[in-house]
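As they're listed, the protein sequences go chains D and Z. If you count the first sequence from 1, you need to add 947 to reach the numbering used here. If you count the second sequence from 1, you need to add 1 to reach the numbering used here. We treat Cβ as the ideally placed atom computed from N, Cα and C, and that holds for glycine. Working notes, structure below.
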Amino acid sequence: MTTESGTTEQKLSPLERARLAKAEAEKRKSDEAARVEAEARSSQETVESAARERAEQKQQAEAKVGECRATIDAKQAEYDEISQMAAEGGDAEFVAQMEDLKKQASDALAEARVAFEEAEEALRGFSEPVAEEAETAATSVLGKMREIRSKSRGILEADEHVSAIDGLRGKKRTYVRSTEALLVEIGDNTDPESFDKLVAELKAEIEALPQMVAELKQSRETLDGSLKDQFGYTMVEAVYQGKNRIPVEKIAAIADFLEKDPRVAAYIAACDRLASMSQKKLKLAVMEIARAGKPPTSILPENIHAAAEDVLSRDDIDTIHFASREASDSSGIVETILDYKNNGLSSVE
Amino acid sequence: MKLVSDEDAKLILEFIEQKKAIIEALGFKITKVLSQARDLRTIKKARINLAKLK
């Protein structure tokens, strides 16, 4: 190039130097245009890619909100059924209990509707590209969401605790109601003979309970031993440790074993029977307490209620929880492993 | 006009997921209440039938 050497440059005429300068300027201009165009193309591609990604995220959000709407509609129908039953009327106690249930359902439905409206409001964040004038408001909403997110984990954990407590209360309420059914079964003014007969029947039935528990534990150990020998994992290990470590073929083999071995179905059925027997054990405890030291002519309904409350305050309630949990866990574990096999590992991610 | 950011999009999705979980938990509660109401009505009917038998 002429500029490499002052000597060469000096040999160019003014006209040649002017032409050279013009050519260099045009090249710089062309290079700059190419660079700007490349940047614009890259930027356009980035925007298009982001738009596609936002569209997919919006679809996911719409699907979730759609599921929320379906849940709300279904729960509205359940609430309507409760209202209808409450409207049928009955004695004062029945009406009061129904009104209480109706209020519980109504409060839960109202709370669910608020959550649904908030979800719908959040969905609108996707619907349009943010207009400048709406940006401030959107930023404010998103700021609020961030704040909520930081708190919501704690709220959800609290919700889980509340659900667990509700579950426990539900079991207790169910059991207290089963004493109501017991009253109906043997009549309000209980004939002591009928009462004693029922006690004797229950006693005979639950004599097998300790043996059942022992057999259940033995069955579980045998099953787990077989699985461990053949595949290297117990049922629980297959579910909780296997997700990332066990090859799919091995999961399928474990699932085949669980499907085909009759001991598995027998074990789950035994868990269910144990849960049922535990209920009977509690029922018997209630009846014995209600019977003890009472006049031999009758067992008063209030004695049964008091006895139910008494039993529920003891450790006996744990027996039900143990057996129910064992039955539910065992079924759940088997179902999860079968799900691995049928739908692939992604189904349980 | 500008697109909602990736971070905000994820935040919205997470928020909606949380609301969905809350709605499902409340829905579960309503189902339990319905079950209790049905039981209550069954007991009422059983009492009425028992009274008729006496």
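- In the three-state reduction of the DSSP assignment, residue 1026 of chain D falls in the helix class, which pools H, G and I.
- A Cβ-Cβ distance of about 17 Å is found for the pair residue 1281 of chain D and residue 1221 of chain D, leaving them out of contact under the 8 Å criterion.
- DSSP places residue 36 of chain Z within a helical segment (H, G or I) once states are collapsed to three.
- The beta carbon of residue 1171 of chain D sits closer than 7 Å to the beta carbons of 1181, 1182 from its chain, once the five residues preceding and following it are set aside; these are given in chain order.
- One finds nothing in chain Z with a Cβ atom closer than 8 Å to the Cβ of residue 1218 of chain D; even the nearest lies about 22 Å away.
- Among the residues of chain Z, those whose CB is under 7 Å from the CB of residue 1018 of chain D are 24, 25, 28, following chain order.
- According to the DSSP assignment, residue 1160 of chain D belongs to the alpha helix (DSSP H) that extends over 1156 to 1178.
- Of the candidates D:1054, D:1066, D:1210, D:1010, D:1054 places its Cα closest to the Cα of residue 1026 of chain D.
- Among the CB atoms of chain D, none fall inside 8 Å of the CB of residue 53 of chain Z.
- Look at the beta carbons and you see the stretch 1016 to 1024 of chain D not touching the stretch 2 to 20 of chain Z: under three pairs across the two are nearer than 8 Å.
- Put simply, the CB of residue 959 of chain D is far from chain Z, with every gap to its CB atoms at 8 Å or more.
- Taking one beta carbon from each stretch, the stretch 1031 to 1044 of chain D and the stretch 30 to 43 of chain Z have 3 or more pairs nearer than 8 Å; the two touch.
- By the C-beta density criterion, residue 31 of chain Z is buried, having at least 16 other C-beta atoms within 10 angstroms.
- Only residues of its own chain outside the window of five on either side were considered, and among them none has a CB closer than 7 Å to the CB of residue 968 of chain D.
- When DSSP states are grouped into helix, strand and coil, residue 1208 of chain D belongs to the coil group.
- Taking the C-beta atoms as reference points, residue 14 of chain Z is found nearer than 8 Å to residue 1004 of chain D.
- With fewer than 16 other beta carbons inside 10 angstroms of its own, residue 1155 of chain D counts as exposed.
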